[in-house]
Every structure is written in structure tokens, then in C-alpha cells.
Amino acid sequence: MTDVLPVSTTNFNIDNGYIEALVRGLKCGLLKSSDYTVLTQCETLEDLKVHLQDTDYGNFLSNEAEPLSVNLIENNLRSKFVKEFHYIRHQAVFPLSKFLDYITYSYMIDNIVLLITGTIHERPISELIPKCHPLGSFLQMETLNIASTPAELYNAVLVDTPLAPYFNDCISEADLDELNIEIIRNTLYKAYLEDFYDFCKKLGGTTADIMCKILAFEADRRAFIITINSFGTELCKDDRAKLYPRCGLLYPEGLNALAKADDYEQVKSIADYYG
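Counted the way my numbering counts, the sequence shown spans residues 368 to 642.
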């Protein structure tokens, strides 16, 4: 008699079996240490292209004429990765689909901040969009072309993009000026990291075990960077503390200590204590 798989395993195969096989295949296509050894011996970018032709990266430069450039290789590699990511995302169902969406949100934040900065300096959106990271693109991005001021861009983002909840809860139209741009970025990242952390924690299992540690590390890393970058600026300690993501190992005592820090040595002492 055929053994019956547990229900959870059966459901996993129905929803995620194809994607797991796909990801395993992509993993097998990653360059190995022997490939990197050969690449270090390449004297030109054309030599690099020749070696990559024998790997799963053989086609991403096949239509490019010589001479090659570093920027061209970087852009083609990024396009290859984004295409593979989007293919996996389109095959996914909840909760994996939502998990993959969360991965794109950090790129969306950086893209939106870039667009806000550009509009503050009166640069057209059409000129800025090609500079955005493709993994942070979204369906409504092209409609942002109608925005000619930070206020119009704010209203478009608030209504039409996946970042709308973060803007609605954390940012007001009055915040959109050049002095506040990094505060806006850090405020959005704080909301995003805490939201992503809660999502992974609710999923539980291996996802929570691995992702909560990764997100906690990123939260703590940003807290240290925010603290150091605030020295010598007009950002007061209370406002600095509001920017700290509260999902890392530093929360709450470590964040309280960072909020009171006045110099690099104090920050170093806090890092040593938690390191």
C-alpha cells in the first residue's frame, strides 16, 4: 500500500513544489569556486564573457557587441536576476507571494525617495524613472509621470502604491522637503522592517527562525547608522529615537542607550556590549 504523505507536505507540493524545484535549479546554476578562480585570471572583459559561456550565465551577454563595459555587464546581470525573480513571484501563491512582495518593498522605498528628491530639485519624473532599481518598480510607476511637484508625487504614492500604508501612517505632505528626505527614508524603512518582521513571525517555522534574525540584524544595523549620521546635525535625540526600527536585538535597552549617545566612542561601547 502506498504511503500517504502528511497533509502539510501535500499542500506544500501543490502550492510550492514547482517553485522549490525551480529555485533548486537556479541554485545549481550559481557560479562555483572553481569558476571564480578562473574569473580572477581573466585579463579582459571579453575573456570573462568567454568563460561565462560555459555556465548558466552564458546567454546574458550573447547579444552584446564588443567592447564590453562594467556597467553593461552589471545592468545585464541585474536584468537577468529581476526577470528570474518576477517569474518566481508570478508562480507563487500566498503566503510566499506576499513574502516576495516584501522583498521588493525596500527597493520601492529607495525608488520613491529618489523620485521625491528629483521632484524637489524640479527634475522631470520621466528622467528619474530609468534610474530606479527594476526590482522596486510597480504597476503604478508610469502614472507618476503626471506628478510635477513633491505634493503631487506624495498624493500619487499615498493612493496607488504598495507603500501607501507606510506613507499614510508615518509621513505627511508637509514633510516633503530636502532637509527631511533622509528622515523620510528612515521612517519608511522603520515601518517596513517592523511590518516584514511581524509577517515572518506570524508565519512561524523555518521562515520565522531565519528571517527574524536577518531582519533583526538589519534593524540594528540601521539604528547604528542613524545614530552615527545624526552627530553634528540638527536632529535631536528624541527625533533620532523615533527612527529606530524596534525589531532588533537592541530593542529596547540598546536603542535607549543609542538614543542618548553623544559620540562615536559611546556607540562603539554599545556595539561591543551587544556584539
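Where a beta carbon is used, it is the ideal one built from N, C-alpha and C, also for glycine.
{"Query": "Tell me whether residue 614 is buried or exposed, calling it buried when 16 or more other Cβ atoms sit within 10 Å of its Cβ.", "Result": "buried"}
{"Query": "Compare the C-alpha of residue 423 against each of 608, 397, 444 and name the closest.", "Result": "397"}
{"Query": "Which term fits residue 569, buried or exposed, when burial requires 16 or more other beta carbons within 10 angstroms of its beta carbon?", "Result": "exposed"}
{"Query": "Whole alpha helix (DSSP H) runs in the stretch 587-638 with 4 or more residues, listed along the chain?", "Result": "604-609, 620-627"}
{"Query": "Please name the residue in 393, 550, 537 whose C-alpha comes closest to that of residue 603.", "Result": "550"}
{"Query": "Grouping DSSP H, G and I as helix and E and B as strand, with all else coil, what is residue 430?", "Result": "coil"}
{"Query": "Please state whether the Cβ-Cβ distance between residue 533 and residue 562 is less than 9 angstroms.", "Result": "yes"}
{"Query": "Leaving out five residues before and five after residue 621 in sequence, what residues of the same chain have Cβ atoms less than 7 angstroms from its Cβ?", "Result": "637, 641"}
{"Query": "DSSP state of residue 460, grouped into three classes?", "Result": "coil"}
{"Query": "Classify residue 490 as helix, strand or coil using the three-state DSSP reduction.", "Result": "coil"}
{"Query": "Using three-state DSSP, classify residue 387 as helix, strand or coil.", "Result": "helix"}
{"Query": "At which residues does the alpha helix (DSSP H) containing residue 535 begin and terminate?", "Result": "531-537"}
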